[in-house]
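Visitor:
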Amino acid sequence: MRHFVRPEGMPPVNGYSHAVAFSGTAVAVSGQVPLDAAGTVVGEGDAEAQTRQVFLNLRAALAAAGAELADVVKLTVYLTDLTDLAAFRRVRDEFISLERPPASSLVQVAGLVHPAFRVEIDALAVLPPTT
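Quick note: the sequence shown uses the numbering used here, first residue 735, plus one each step.
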């Protein structure tokens with residue numbers, strides 16, 4: 735995996751790479767939402783708590799496939815309110831490597847599948863090579 739955080743001529747970044755090159759077995763993780771293992775909404779009205787639960791869910795889904803957050807090459811983030819961006823970034827930075835961040839897209843959406851959800855994130859990871 736090679737991270738191109740800020741190639742020459744590209745604008746500054748905040749917690750993502752402009753490009754990531756990789757080879758290996760890809761793992762696609764469906765959009766994760768702020769539900770706990772019992773299916774209960776976590777942190778209703780609290781973007782930081784919801785984002786933290788989403789990253790915990792991403793980590794669990796990746797682990798089931800034999801990957802971890804460090805193996806993520808691309809995140810797609812859906813926020814219902816862009817005022818939640820700072821909270822999202824704070825939590826994201828607890829979970830990803832700032833030296834080797836994944837490529838990332840962020841989209842503001844009118845709503846998610848449950849009206850209490852403020853954030854959803856899907857991921858693409860690459861399995862580490864086996865020896």
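We put the CB at the ideal spot given by N, CA and C, even for glycine.
At a cut of 8 angstroms, does the region 769 to 778 reach the region 749 to 759 through at least three beta carbon pairs?
Guide: Touching, no, given that fewer than three Cβ pairs across the two stretches are closer than 8 angstroms.
Visitor: Report, in whole angstroms, the separation of the C-beta atoms of glutamine 766 and glycine 777, which I expect to be a contact under 8 angstroms.
Guide: Contact check for glutamine 766 and glycine 777: beta-carbon distance about 14 angstroms, past the 8 angstroms limit, so the pair fails to qualify.
Visitor: What do you get for glutamine 842, buried or exposed, if any count of 16 or more other CB atoms within 10 angstroms of its CB means buried?
Guide: exposed
Visitor: Suppose contacts are defined by Cβ-Cβ distances below 7 angstroms. Is valine 806 in contact with alanine 837 by that definition?
Guide: no
Visitor: Around the Cβ of phenylalanine 822, are there at least 16 other Cβ atoms within 10 angstroms (buried) or fewer (exposed)?
Guide: buried
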